[in-house]
Amino acid sequence: MCGIAGILSFDTNRFRVTEPLLVGMRDTMIHRGPDGAGLWIARTGAVGLAHRRLSIIDLSTAASQPMSNEDSSIWIVFNGEIYNHADIRRELENLGGHQWRTHHSDTETIVHAYEQWGIRCLERFRGMFAFALWDGRSRELWLVRDRLGIKPLYYSLHNQRITFASEIKALFADPDQRREIDEEAFFHYLSFLTTPGPNTLYAGIRKLRPGTYLRVSAGGQVAEHRYWDVWDHTHPLAGVSESEIIEQLRAELRVAVKLRKISDVPVGVFLSGGIDSSTNAALFSEGETRAVKTFTIGYQGEHPGYRNETMYARRMAQRIGATYHEKLLDVDDLIDFLPTMVLLQDEPVADPVCVPLYYVSKLARENGCTVCQLGEGADELFCGYPAWQTSLKLQRYDRLPVPKGCKRAGLMALNLMGKGETFYSEWLRRAGHGQPIFWGGAEAFTDAQKRRLLHPDLARRLAGLTSWDAVAPIHKRFREAAWDKSDLNWMTYLDLGVRLPELLLMRVDKMSMGVSLEARVPFLDHKFVELVMSIPTAVKIGDGAPKYLLKKAVRGLIPDEFIDRKKQGFAVPIQDWFMGKLGDRAESELGRFCRDTGFLNGAEVKRLLDSPKSGSAWYLLNFALSWNHFLGPGRHLAAASS
Numbered sequence: 001m002c003g004i005a006g007i008l009s010f011d012t013n014r015f016r017v018t019e020p021l022l023v024g025m026r027d028t029m030i031h032r033g034p035d036g037a038g039l040w041i042a043r044t045g046a047v048g049l050a051h052r053r054l055s056i057i058d059l060s061t062a063a064s065q066p067m068s069n070e071d072s073s074i075w076i077v078f079n080g081e082i083y084n085h086a087d088i089r090r091e092l093e094n095l096g097g098h099q100w101r102t103h104h105s106d107t108e109t110i111v112h113a114y115e116q117w118g119i120r121c122l123e124r125f126r127g128m129f130a131f132a133l134w135d136g137r138s139r140e141l142w143l144v145r146d147r148l149g150i151k152p153l154y155y156s157l158h159n160q161r162i163t164f165a166s167e168i169k170a171l172f173a174d175p176d177q178r179r180e181i182d183e184e185a186f187f188h189y190l191s192f193l194t195t196p197g198p199n200t201l202y203a204g205i206r207k208l209r210p211g212t213y214l215r216v217s218a219g220g221q222v223a224e225h226r227y228w229d230v231w232d233h234t235h236p237l238a239g240v241s242e243s244e245i246i247e248q249l250r251a252e253l254r255v256a257v258k259l260r261k262i263s264d265v266p267v268g269v270f271l272s273g274g275i276d277s278s279t280n281a282a283l284f285s286e287g288e289t290r291a292v293k294t295f296t297i298g299y300q301g302e303h304p305g306y307r308n309e310t311m312y313a314r315r316m317a318q319r320i321g322a323t324y325h326e327k328l329l330d331v332d333d334l335i336d337f338l339p340t341m342v343l344l345q346d347e348p349v350a351d352p353v354c355v356p357l358y359y360v361s362k363l364a365r366e367n368g369c370t371v372c373q374l375g376e377g378a379d380e381l382f383c384g385y386p387a388w389q390t391s392l393k394l395q396r397y398d399r400l401p402v403p404k405g406c407k408r409a410g411l412m413a414l415n416l417m418g419k420g421e422t423f424y425s426e427w428l429r430r431a432g433h434g435q436p437i438f439w440g441g442a443e444a445f446t447d448a449q450k451r452r453l454l455h456p457d458l459a460r461r462l463a464g465l466t467s468w469d470a471v472a473p474i475h476k477r478f479r480e481a482a483w484d485k486s487d488l489n490w491m492t493y494l495d496l497g498v499r500l501p502e503l504l505l506m507r508v509d510k511m512s513m514g515v516s517l518e519a520r521v522p523f524l525d526h527k528f529v530e531l532v533m534s535i536p537t538a539v540k541i542g543d544g545a546p547k548y549l550l551k552k553a554v555r556g557l558i559p560d561e562f563i564d565r566k567k568q569g570f571a572v573p574i575q576d577w578f579m580g581k582l583g584d585r586a587e588s589e590l591g592r593f594c595r596d597t598g599f600l601n602g603a604e605v606k607r608l609l610d611s612p613k614s615g616s617a618w619y620l621l622n623f624a625l626s627w628n629h630f631l632g633p634g635r636h637l638a639a640a641s642s
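One point on numbering: in our numbering, the residue at position 47 of the sequence shown is 47, and numbering is uninterrupted.
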């Protein structure tokens, strides 16, 4: 697990890669790799690669990066883990023709796998990864992101070069990099709490989408290719009994958890007390001779909007004989963390769960773990959110034989009743346009709310824009490729494309790597995802209860009371805290931001802050703090460890 950066110049007469620039980019990410640093620049000055190392597998100096093959014609910088690297290495050793310098480095396995099979080597990798590989023979740069988007990779094409890195702040270390907000991306951010790929919040900086690679020639020709889509790898389990499917799920999940135990440093488990993390902890403990280390976050005091689940986490830890570590947070922990949070996020990842994720990662690091497993992804695969149940019902209602004209008339009635900004109006508006009700598992503001919140000048410039523009290409791909075009599969597929990689997984990556901790997500093993998406929807949802099939699969692994109790979810009492000093801080920050910039309507922001839903202002505060840090008059760059 590491931080990577690099540059390819398309014209060395106009620009040559230099060591000071590359080191400057690399060392904005010291937190991602405190164990070492490396650099390689071609003699021509056309290409350079840089690396910060967090040592996880093969701790020897021989496994340092950038790493090359035998004749130095191929160079790589790699962030992530290839969990099946030992199997691939054995296959390559049997084929012969490769010289190995390390004992068991997965980075070196990638290099020789590419030599052997070309870019199709990706088909063999089981893991999470973002890497840049320079092929000096073909004079091509390959930028690759893993299938589910667990690891990030950003890039920018400008001034006859491409720059790339694990974090946006590294790209800002290039003095020629534009520093502007992409207004359309900001509009979508107000919908999804994140910026859907391939754009970022910053004009000219893009993110590589999950399951894709970029092929860049020495002369600057750029081609993007999607090498994995779940629908290309499903094998419909129609006619297979529920009991057989459950056995397959258990077996594949066991493999996924076991693979993610591979490490040369201590591995622990984040434990919330819910079904996902408890299942993870139970499977992780199987075969262990030493007590598993578990880490839990809760909140001090009583909160109407959130009830601690620490008692369940503690009970689960006792059940598996784990060592239990717990930390309770309060609003001061959040406020103290704000400057660090903004620095680590790069672009806003406006889920307040960033806060407990940072502190639980810090707790794990302080107690001797460099790697932790967590339960991200299960809710999206098995319909675990109550809001998803609502969306499924609404979509069924939308299919009733009601003319679109009637739906539009209903929308007009809601507007006249003063309810035009509610999500009920938004859902009716989508239905009236023949669009799916579900646009993602996290939605911040309706279209009407956004129009009011935007500064009038910006609202006029974006008058013809809708966030359906970000969703429509994914919907088209779903309609063309899915073997089972159910509403549930649409919801899962959309969140696999947007919310998971660009919000949930980025909050995990940014916050864990902020304290130099690697986070692993067994439920998003691509083989497990392919299996789940091969299950007929009727089997998956059964009697309609949330996580119907997963609950059946894990019964016996974890206590029944964990399975049968009402879902709460890993959250933050953000609304409660906004009623106190967090609200005061937000009002001060946002008031100044609205006066100094042209993004938000100050009067509407104040109205939101004074409303019963003031917690929604967290999304605006996140944006304002990020703008101040990276683009404002006092902007600065600093490594998170400084």
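For glycine and all other residues, C-beta sits at the position ideal for the given N, C-alpha and C.
Pairwise C-alpha distance: residue j and residue i
{"i": "residue 214", "j": "residue 39", "result": "22 Å"}
{"i": "residue 136", "j": "residue 77", "result": "14 Å"}
{"i": "residue 602", "j": "residue 415", "result": "23 Å"}
{"i": "residue 138", "j": "residue 440", "result": "41 Å"}
{"i": "residue 589", "j": "residue 625", "result": "8 Å"}
{"i": "residue 617", "j": "residue 18", "result": "43 Å"}
{"i": "residue 2", "j": "residue 75", "result": "16 Å"}
{"i": "residue 127", "j": "residue 372", "result": "15 Å"}
{"i": "residue 539", "j": "residue 549", "result": "7 Å"}
{"i": "residue 237", "j": "residue 244", "result": "10 Å"}
{"i": "residue 24", "j": "residue 51", "result": "11 Å"}
{"i": "residue 102", "j": "residue 20", "result": "29 Å"}
{"i": "residue 585", "j": "residue 167", "result": "27 Å"}
{"i": "residue 434", "j": "residue 275", "result": "36 Å"}
{"i": "residue 27", "j": "residue 109", "result": "26 Å"}
{"i": "residue 378", "j": "residue 228", "result": "20 Å"}
{"i": "residue 376", "j": "residue 547", "result": "14 Å"}
{"i": "residue 105", "j": "residue 82", "result": "10 Å"}
{"i": "residue 116", "j": "residue 66", "result": "20 Å"}
Coil, strand or helix - residue i by DSSP
{"i": "residue 373", "result": "strand"}
{"i": "residue 34", "result": "strand"}
{"i": "residue 223", "result": "strand"}
{"i": "residue 208", "result": "coil"}
{"i": "residue 383", "result": "coil"}
{"i": "residue 624", "result": "helix"}
{"i": "residue 419", "result": "coil"}
{"i": "residue 483", "result": "coil"}
{"i": "residue 602", "result": "helix"}
{"i": "residue 510", "result": "helix"}
{"i": "residue 638", "result": "Low confidence applies here, because residue 638 scores a pLDDT of 40, under 50, leaving its location unreliable; read the following figure in that light. Note: residue 638 maps to coil in three-state DSSP."}
{"i": "residue 452", "result": "helix"}
{"i": "residue 89", "result": "helix"}
{"i": "residue 497", "result": "helix"}
{"i": "residue 234", "result": "coil"}
{"i": "residue 162", "result": "strand"}
{"i": "residue 25", "result": "helix"}
{"i": "residue 103", "result": "coil"}
Contact check, residue i vs residue j, beta carbons under 8 Å
{"i": "residue 531", "j": "residue 148", "result": "no"}
{"i": "residue 157", "j": "residue 222", "result": "yes"}
{"i": "residue 278", "j": "residue 558", "result": "yes"}
{"i": "residue 153", "j": "residue 208", "result": "yes"}
{"i": "residue 33", "j": "residue 41", "result": "no"}
{"i": "residue 510", "j": "residue 345", "result": "yes"}
{"i": "residue 284", "j": "residue 462", "result": "no"}
{"i": "residue 581", "j": "residue 331", "result": "yes"}
8 Å contact criterion, which residue i and residue j should meet: CB distance rounded
{"i": "residue 122", "j": "residue 144", "result": "7 Å"}
{"i": "residue 216", "j": "residue 140", "result": "7 Å"}
{"i": "residue 467", "j": "residue 437", "result": "Residue 467 to residue 437, Cβ: 14 Å. No contact."}
{"i": "residue 577", "j": "residue 334", "result": "7 Å"}
{"i": "residue 190", "j": "residue 528", "result": "Actually they are not in contact, since the Cβ atoms of residue 190 and residue 528 sit about 33 Å apart, beyond 8 Å."}
{"i": "residue 46", "j": "residue 8", "result": "7 Å"}
{"i": "residue 575", "j": "residue 309", "result": "Not confirmed; about 18 Å, so no contact."}
{"i": "residue 79", "j": "residue 131", "result": "7 Å"}
Own chain, CB closer than 8 Å to residue i, minus 5 neighbours either side, in chain order
{"i": "residue 325", "result": "293, 294, 295, 296, 363, 364 and 367"}
Same chain, Cβ closer than 6 Å to residue i, neighbours up to 5 away in sequence not counted
{"i": "residue 506", "result": "349"}
{"i": "residue 307", "result": "none"}
{"i": "residue 246", "result": "552 and 553"}
C-beta neighbour in chain D for residue i, strict 8 Å
{"i": "residue 263", "result": "Protein chains in the displayed structure number just one, and chain D is not present."}
Cut-off 7 Å between Cβ atoms - residues of its own chain near residue i, not counting five sequence neighbours on either side
{"i": "residue 427", "result": "394 and 437"}
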